[in-house]
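J.: Note that this note's numbering has the sequence shown beginning at 8, numbered continuously upward. Heads up, the beta-carbon is just placed ideally off N, CA and C, and yes, glycines get one too.
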Amino acid sequence: MKIVTILGARPQFIKAGSVSREFAEHESIKEVIIHTGQHYDANMSDIFFDEMKIPKPDYFLGIGGSSHGAMTGQMIEKIEEVLINEKPDWVLVYGDTNSTLAGALAASKLHIKIAHIEAGLRSFNMKMPEEVNRIITDRISTILFCPTKVAINNLQKEGVDSWNVDVQLSGDVMQDGAFFYKNLAVKPGNINIDSKTRFVLSTIHRAENTDDVARLTDIVEALNCIAEVKTVILPLHPRTKAKLAELPIKLNDSVKVINPVGYLNMIWLIDNSDLVMTDSGGLQKEAYFFAKPCITLRDETEWVELVDNNFNVLAGADQARIVETFNHHVFAENYDLDLYGGGEASKTIVSYLLSYE
């Protein structure tokens, strides 16, 4: 069986690494990896792939930095060329990037079977390009590997039973990766804290927050308030850094701002934090994987099961709500719920692909 995996950003490589390691356990599977280049990342050197134990891409398309339409169109053209050359049995795509959509569209036009990992997720916000990407990809795939029961429910509400598509509850490959990388985690070298320091880990990068002055101002004010009583560590995204420079309000010195960190450093920060405050989607789950409560700086989340079970609170970008949640909310303490497959998602996915007829 030949599988072409299409990826476009460092987080996708980390997710795919778990499945690739499982593929490697089966001599009957040959995986070919395409990196579209959607997100250029200087950290993705040969050292990155070696340290993360992820196979290097077989193809690098170098497409990125343009508009959504131009980027997606160029990707479809280049991916199609590779697929015609490789003649795979399956095309495997992850999540909701332009690379995901382009890979699925190219495969669909060539009548190649498509497996979508992280299928069925919905924010119900059609202004998000990711929402459009995931909906279309789900609709044209052959197998939808859903990380949660909520994802399956979303698809059922959209009429998936009439799509002639196979829907499987796989669990979440991110949990597989978190468990695998926990033993490889490394303390960031650009942070000066001792092992006894209790801290809040925060990240801010989503455009809905960084591009809205009122929202970003409220978040900064909330972080400043919280940092008066507990250390806040903020790995600062370049886009957020640029936007903060335009604000009249500044982060207090009590907020420890550091440069962006690699995944193994981030795993260390999550594992050693007391609480996570983020507008990231993936970090909400990773907080749960490491039994940390999470305050999400968004108005909605794809991971509603975390909110429903009180591991996560949606505080939006309202200073008062964020601070009130930090000071007074009592989070759930039982992290033994099997919400994401318990670290066995990759095995489930590969076993099903091998059995598919």
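Using C-beta distances below 7 Å, list every residue in its chain close to ILE256, excluding the 5 sequence neighbours before and after it, in chain order.
T.: Working through the sequence shown from its first residue, we reach residue 256 at position 249. For ILE256, where only same-chain residues beyond five positions count, the Cβ hits under 7 Å are THR224, VAL227, GLU228.
J.: Please classify ALA163 as buried or exposed, where buried requires at least 16 neighbouring CB atoms within 10 angstroms.
T.: For the purposes of this step, residue 163 is taken as the residue at position 156 of the sequence shown. As written in the sequence, residue 163 is Gln, which differs from the Ala given in the question. The residue in question, GLN163, is exposed, as its Cβ has fewer than 16 Cβ neighbours within 10 Å.
J.: Look up ASN421 in the DSSP assignment and say whether it is helix, strand or coil.
T.: No answer is possible for residue 421: it lies beyond the span of the chain, which begins at 8 and ends at 364.
J.: Go ahead and label GLY69 buried or exposed: buried means 16 or more other beta carbons lie within 10 angstroms of its beta carbon, across all protein chains shown.
T.: The residue given as residue 69 occupies position 62 in the sequence shown. The residue in question, GLY69, is exposed, as its Cβ has fewer than 16 Cβ neighbours within 10 Å.
J.: Could you tell me if ASN105 is buried or exposed, where buried requires 16 or more neighbouring beta carbons within 10 angstroms of its beta carbon?
T.: Here residue 105 refers to the residue found at position 98 of the sequence shown. Buried is the call here.
J.: Tell me the DSSP bridge mates of GLU38?
T.: Against the sequence shown, residue 38 aligns to sequence position 31. ILE10, per the DSSP bridge assignment.
J.: Would you call HIS123 buried or exposed, if buried means 16 or more other Cβ atoms sit within 10 Å of its Cβ?
T.: On the sequence shown, residue 123 is found 116 positions in, with the first residue counted as 1. Under this definition HIS123 is a buried residue.
J.: Can you give me the Cβ contacts of LYS120 inside the same chain, cut-off strictly under 6 Å, excluding the 5 residues immediately before and after it?
T.: The count along the sequence shown starts at 1 and reaches residue 120 at position 113. Closer than 6 Å at the Cβ level, and outside the excluded window around LYS120, lie TRP97, THR149.
J.: Cβ atoms of ASN171 and ARG129: under 9 Å apart, would you say?
T.: Translated into positions along the sequence shown, residue 129 becomes position 122. Translated into positions along the sequence shown, residue 171 becomes position 164. Pairing ARG129 with ASN171 gives a Cβ-Cβ distance that is not under 9 Å.
J.: On the three-pair Cβ rule with 8 Å, is the segment 313-327 touching the segment 136-150?
T.: no
J.: Tell me whether LYS292 sits in a helix, a strand or coil according to DSSP, three-state version.
T.: Position 285 of the sequence shown holds residue 292. The answer is helix: DSSP assigns LYS292 an H, G or I state.
J.: One question on the structure: do SER353 and SER35 come within less than 9 Å of each other, judged by their Cβ atoms?
T.: As a first step, residue 353 must be located in the sequence shown, where it is residue number 346. As a first step, residue 35 must be located in the sequence shown, where it is residue number 28. Taking 9 Å as the Cβ cut-off, SER353 and SER35 do not qualify as a contacting pair.
J.: With a Cβ-Cβ cutoff of 9 Å, do VAL100 and VAL39 count as a contact?
T.: In the sequence shown, the residue the question calls residue 100 occupies position 93. In the sequence shown, the residue the question calls residue 39 occupies position 32. Cβ atoms of VAL100 and VAL39: not closer than 9 Å.
J.: Looking only at C-alpha atoms, which of VAL193, GLU215, LYS22, GLU364 sits nearest to ASP179?
T.: As a position in the sequence shown, residue 179 is number 172, starting the count at 1. Cα-wise, what sits closest to ASP179 is LYS22.
J.: With which residues is VAL264 paired in a DSSP beta bridge?
T.: Residue mapping note: residue 264 aligns to position 257 of the sequence shown, counting from 1. Answer is LEU241.
J.: Give, in chain order, every unbroken run of the alpha helix (DSSP H) that is at least 4 residues long and sits entirely within the segment 124-208.
T.: Taking only runs of at least 4 residues, the alpha helix (DSSP H) segments lying wholly in the segment 124-208 are 136-147, 156-164, 180-189.
J.: Could you tell me if MET133 is buried or exposed, where buried requires 16 or more neighbouring beta carbons within 10 angstroms of its beta carbon?
T.: Here residue 133 refers to the residue found at position 126 of the sequence shown. By the neighbour-count rule (16 or more Cβ atoms within 10 Å), MET133 is not buried but exposed.
J.: Using C-beta distances below 7 Å, list every residue in its chain close to THR332, excluding the 5 sequence neighbours before and after it, in chain order.
T.: The residue given as residue 332 occupies position 325 in the sequence shown. Hits under 7 Å: ILE302, VAL320, ALA322.
J.: Helix, strand or coil: how does DSSP classify TYR101 here?
T.: Indexing the sequence shown from 1 puts residue 101 at position 94. Here TYR101 sits in strand by DSSP.
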